[in-house]
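Structure first, commentary second.
Number of protein chains: 2
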Amino acid sequence: MRCEVLAIGTELLLGIIVDSNSAWLGEQLALAGIDCYFQVKVGDNFGRIEACIRQALDRSDAVICCGGLGPTQDDITRDVIASVMGVKLQRDAAIAAKIRHMFESRGRVMSQNNLRQADVPIGATPIAQMPGTAPGLVCPMGDKVIYATPGVPNEMHEMFLGTILPDLRRRAGQASVIKSRVLRTWGMSESGLAEVLEKRFDELDKLGTPTIAFQASGIDGIKVRIVAKCDDEAAAARVLDAEEALIRGLLGEVIFGVDEQSMETVVLDLLRRKGLTFAAAETITGGILSARMSLADAAMATYRGGWIDPATGSGGGAKPEQRAAAAASQVRAQFGARVGLAAIAPEAAEGYRPGTVFLAADIDGAAHGEQVMQPPDRRRMREFSVISLLNLLRRTLSA
Amino acid sequence: MRCEVLAIGTELLLGIIVDSNSAWLGEQLALAGIDCYFQVKVGDNFGRIEACIRQALDRSDAVICCGGLGPTQDDITRDVIASVMGVKLQRDAAIAAKIRHMFESRGRVMSQNNLRQADVPIGATPIAQMPGTAPGLVCPMGDKVIYATPGVPNEMHEMFLGTILPDLRRRAGQASVIKSRVLRTWGMSESGLAEVLEKRFDELDKLGTPTIAFQASGIDGIKVRIVAKCDDEAAAARVLDAEEALIRGLLGEVIFGVDEQSMETVVLDLLRRKGLTFAAAETITGGILSARMSLADAAMATYRGGWIDPATGSGGGAKPEQRAAAAASQVRAQFGARVGLAAIAPEAAEGYRPGTVFLAADIDGAAHGEQVMQPPDRRRMREFSVISLLNLLRRTLSA
Chain A
1 MRCEVLAIGT ELLLGIIVDS NSAWLGEQLA LAGIDCYFQV KVGDNFGRIE ACIRQALDRS
61 DAVICCGGLG PTQDDITRDV IASVMGVKLQ RDAAIAAKIR HMFESRGRVM SQNNLRQADV
121 PIGATPIAQM PGTAPGLVCP MGDKVIYATP GVPNEMHEMF LGTILPDLRR RAGQASVIKS
181 RVLRTWGMSE SGLAEVLEKR FDELDKLGTP TIAFQASGID GIKVRIVAKC DDEAAAARVL
241 DAEEALIRGL LGEVIFGVDE QSMETVVLDL LRRKGLTFAA AETITGGILS ARMSLADAAM
301 ATYRGGWIDP ATGSGGGAKP EQRAAAAASQ VRAQFGARVG LAAIAPEAAE GYRPGTVFLA
361 ADIDGAAHGE QVMQPPDRRR MREFSVISLL NLLRRTLSA
Chain B
400 MRCEVLAIGT ELLLGIIVDS NSAWLGEQLA LAGIDCYFQV KVGDNFGRIE ACIRQALDRS
460 DAVICCGGLG PTQDDITRDV IASVMGVKLQ RDAAIAAKIR HMFESRGRVM SQNNLRQADV
520 PIGATPIAQM PGTAPGLVCP MGDKVIYATP GVPNEMHEMF LGTILPDLRR RAGQASVIKS
580 RVLRTWGMSE SGLAEVLEKR FDELDKLGTP TIAFQASGID GIKVRIVAKC DDEAAAARVL
640 DAEEALIRGL LGEVIFGVDE QSMETVVLDL LRRKGLTFAA AETITGGILS ARMSLADAAM
700 ATYRGGWIDP ATGSGGGAKP EQRAAAAASQ VRAQFGARVG LAAIAPEAAE GYRPGTVFLA
760 ADIDGAAHGE QVMQPPDRRR MREFSVISLL NLLRRTLSA
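Chains as they are written, first to last, in this note's numbering: chain A, 1 to 399; chain B, 400 to 798.
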């Protein structure tokens with residue numbers, strides 16, 4: 001089964017918008033075992049869109065068209081598809097009523113061209129999910145198929161997962177179910193992970209399913225993705241559970257989260273479960289930790305605040321690990337929190353390798369510290385220090 | 400003149416990397432007046448890359464291939480281009496020596512396959528700019544041309560601007576020069592800007608050059624792009640200068656910067672020129688201001704620090720504008736800075752519309768304040784408040 005992606009919109013070609021839809025669809029198709037060999041961007045031009053759709057149907061079994069379903073005159077995806085299908089457009093009364101209702105319920109006046117979005121090529125089926133005003137389309141062409149979705153990412157995602165993917169899998173005759181799980185790691189290199197998992201890789205090569213792949217993701221750590229292909233959902237879930245348990249056994253505390261969990265949300269959950277609050281002294285991290293935490297904990301019920309002061313933890317004769325510990329205690333006291341965190345870099349005269357950072361966590365008066373090496377450029381040193389600092393807290397609280 | 404973009408790499412189709420190169424190239428081509436009607440992504444597959452290049456040469460005058468020039472076995476762009484040209488690859492001794500030298504100078508061992516990067520199709524010219532180990536290629540095919548660049552963005556940018564764009568313009572017979580300038584604005588809606596500039600738009604429609612276009616860019620404000628097409632560089636620069644002066648006359652202080660200037664860098668420049676330092680009380684902005692400033696002012700010589708404390712500026716009987724002013728003075732005093740900034744949101748009981756924010760700047764003891772409406776969702780309210788706060792400081796210092 002081969003499926004192409006056609007992203008439609010002159011603003012994509014002009015670089016006003018970066019086409020992230022194709023990348024998302026490419027990932028989803030790959031996870032579902034559907035080949036995607038071509039992804040094309042084309043402008044709002046009838047002839048060129050038509051040529052791209054015809055070529056896609058020529059060399060693939062399906063094409064997903066994203067964009068050009070809106071109400072304005074340059075939204076012509078519907079018209080082009082009708083032309084490729086050799087049929088007329090017909091206004092769908094139920095969709096027209098829905099669009100009218102959407103405007104009314106928001107107290108807005110609807111201009112008539114909005115009803116163009118209710119036009120459906122004869123023989124096509126509108127996609128039931130309709131978070132916006134434009135419905136998606138499933139347009140069969142013999143044994144092949146054209147799908148159309150709006151270019152708005154969340155609307156496209158919903159239509160793809162709810163209708164297009166199941167339809168593609170049915171057409172591919174895939175009786176099997178493909179499920180994946182991502183284990184998020186921090187603190188080990190990709191080659192380090194590969195070494196620990198080497199034997200398991202060899203075993204899986206023989207088994208065929210599940211498969212494991214790494215994905216380095218900068219300050220989001222390295223992701224270990226498990227993909228299971230099974231006869232049904234329950235079997236796939238069992239395979240994923242078993243493989244996760246096995247990998248956890250091998251990698252241990254390097255795994256900080258699963259799927260969409262971030263280091264912030266994991267640490268926040270841990271703190272909340274233990275009824276703890278925390279504050280941070282941002283000496284070298286420049287406010288990045290606070291910005292991330294205040295976004296994850298909008299009410300600031302668990303993250304109580306902090307300060308950004310490059311002077312914290314400098315000099316005074318004490319060793320850098322002592323200065324980091326003192327800063328953690330000080331910020332904890334100032335904000336009346338149970339936990340204080342701090343990260344400091346030693347001064348040049350102290351003779352540490354560039355990129356050396358001292359992390360400290362004060363939990364109810366008990367000091368925990370760690371010396372780590374970060375990338376020496378300041379931007380990455382800051383971002384990596386934020387994650388390393390949260391990771392120190394995570395490991396300490398989980399111990 | 401039509402030029403396509405072909406992004407090569409299986410990781411692009413799998414969504415592991417989002418293809419931002421095509422968007423960048425699309426913008427550059429549009430600015431240069433060169434049409435780009437198609438942008439295609441294809442995997443590391445000989446036959447499919449070849450088909451894409453042949454199709455591009457069929458329907459366009461030029462194609463820029465990005466990616467697949469590295470040293471590994473799946474980097475086959477060179478080989479495919481040689482096949483399309485009907486020629487063999489020949490090792491370029493000078494490039495091979497350069498690659499060897501790059502490894503030696505970094506003290507790294509070079510594996511032999513790195514020298515594949517020195518292979519050039521007979522009849523092609525390597526691109527002189529070579530920031531990495533892979534050179535780009537200019538490959539003429541009759542009156543058409545294939546360009547190849549690495550997929551690494553900064554290497555691609557350098558080769559495009561240094562060699563490919565001038566070559567494209569020469570081929571297009573463009574004697575004229577196209578130059579653009581972006582005026583960055585904050586504080587006025589797109590329709591507000593359009594209203595102020597309406598008469599000028601009408602005049603420019605008749606003149607033909609320069610042209611003006613808006614680009615809404617979220618927390619980067621709304622960009623006003625002026626594009627001038629003239630006989631030579633000097634004339635284009637004069638047109639841009641004149642148009643900028645005219646637009647500045649109409650828009651006034653709404654314009655905060657030009658081209659790549661950000662609100663942070665503009666404010667930092669102003670403060671540095673006046674020998675001022677500053678600190679910020681981040682009550683509602685959660686550390687975002689500090690994170691941005693500490694990145695722009697890595698040494699923290701001008702931005703002295705701040706605190707993140709949701710309790711600052713709450714209650715106490717005083718009005719919200721007074722509480723904002725008090726927080727600005729307090730943080731200024733604590734960090735020994737000349738300027739203190741603060742943004743606070745009133746409490747629900749105070750009866751302001753959701754999204755109301757009070758901004759305050761204390762400059763050497765003189766208070767400046769402003770009441771603004773921000774988007775009510777917390778994420779955007781924070782980000783917009785950061786820019787609005789810096790903008791208040793900018794306007795006050797420029798007055």
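Positions of the beta carbon are idealized from the N, C-alpha and C atoms, including for glycine.
Keep in mind that this is a model prediction, so the values were computed, not measured.
Look at Arg691(B) here: in three-state DSSP terms it is helix. When Leu6(A), Ala32(A), Arg238(A), Ile34(A) are compared, the shortest CA-CA separation from Asn21(A) is found for Leu6(A).
Pairing Ile621(B) with Val785(B) gives a Cβ-Cβ distance that is not under 9 Å.
Pairwise C-beta distances place the segment 766-786 of chain B out of contact with the segment 732-741 of chain B, as fewer than three of them are shorter than 8 Å. Contact between Pro150(A) and Ala134(A) is confirmed by a C-beta separation of about 5 Å, below the 8 Å threshold. Neighbours of Tyr37(A) across chain B, judged by C-beta separation under 8 Å: Leu412, Val441, Gly442, Asn444, Arg447. Between Leu639(B) and Gly535(B), the C-beta gap is not smaller than 9 Å, which leaves the two residues out of contact.
Closer than 7 Å at the C-beta level to chain A, one finds these residues of the segment 708-739 of chain B: Asp708, Pro709. By a beta-carbon distance limit of 8 Å, Leu183(A) contacts Glu244(A). Their separation comes to about 6 Å.
In this structure, Val483(B) sits near Leu456(B), with a CB-CB distance shorter than 9 Å. Straight-line measurement puts the Cα of Ala62(A) at about 28 Å from the Cα of Ala96(A). In terms of Cα proximity to Met692(B), the closest of Pro346(A), Leu295(A), Ile308(A) is Ile308(A). Going by C-alpha positions, Arg794(B) is about 7 Å away from Glu652(B). Within the same chain, Ala680, Ala723, Ala726, Ala727, Ala759 come within 6 Å of Ala741(B) by CB-CB distance, once the 5 residues on both sides are set aside. In the three-state scheme derived from DSSP, where H, G and I count as helix and E and B as strand, Ile433(B) is classed as coil. For Arg181(A), the enclosing beta strand (DSSP E) stretches over residues 177-185.
Beyond the five residues adjoining it in sequence on each side, Glu403(B) comes within less than 6 Å, by CB distance, of Phe437, Ala455, Ser459, Val462 in the same chain, given in chain order. In the same chain as Thr72(A), and ignoring 5 residues on each side of it, the C-beta atoms closer than 8 Å to its own belong to Asn113, in chain order. For Ala615(B), the closest of Leu592(B), Ile762(B), Asp601(B), Ala627(B) by C-alpha to C-alpha distance is Leu592(B).
Counting only runs of 3+ residues, the beta strand (DSSP E) found wholly inside the segment 589-639 of chain B occupies 610-615, 621-629, in chain order. Contact annotation: Pro121(A) and Leu89(A) have beta-carbon atoms nearer than 9 Å. Inter-residue distance for Val623(B) and Val665(B) is about 17 Å (C-alpha atoms, whole angstroms). Boundaries of the alpha helix (DSSP H) harbouring Glu264(A): 263-273, taken from the DSSP string.
Contact annotation, Thr163(A) with Gln129(A): C-beta distance approximately 6 Å; criterion of less than 8 Å satisfied. Against chain B, the beta carbon of Arg181(A) has no neighbour under 9 Å; the closest one sits roughly 17 Å away. Taking 9 Å as the upper bound on Cβ-Cβ separation, chain B lies near residues Ile288, Leu289, Ser290, Ala291, Arg292, Met293, Ser294, Leu295, Ala298, Ala299, Met300, Tyr303, Arg304, Gly305, Gly306, Trp307, Ile308 of the segment 288-308 of chain A. With respect to Ala236(A), Val177(A) sits close: the two C-beta atoms are nearer than 9 Å.
Rounded to whole angstroms, the gap between the alpha carbons of Ala492(B) and Met501(B) is 14 Å. Judged by their CB atoms, Phe358(A) and Glu347(A) are not nearer to each other than the 9 Å cut-off. Around the beta carbon of Phe384(A), 16 or more other beta carbons sit within 10 angstroms, so the residue counts as buried. Leu740(B) has Ala679(B), Ala760(B) as its beta-bridge partners, per DSSP. Here the segment 268-283 of chain A lies against the segment 297-308 of chain A, with 3 or more beta-carbon pairs under 8 Å apart.
Interface annotation, Cys52(A): in contact with chain B, CB-CB separation under 9 Å. Residue pairing from DSSP places Ala766(B) in a beta bridge opposite Asp761(B).
Residue-level contact by beta carbon fails for Ala342(A) and chain B, as no gap is shorter than 9 Å.
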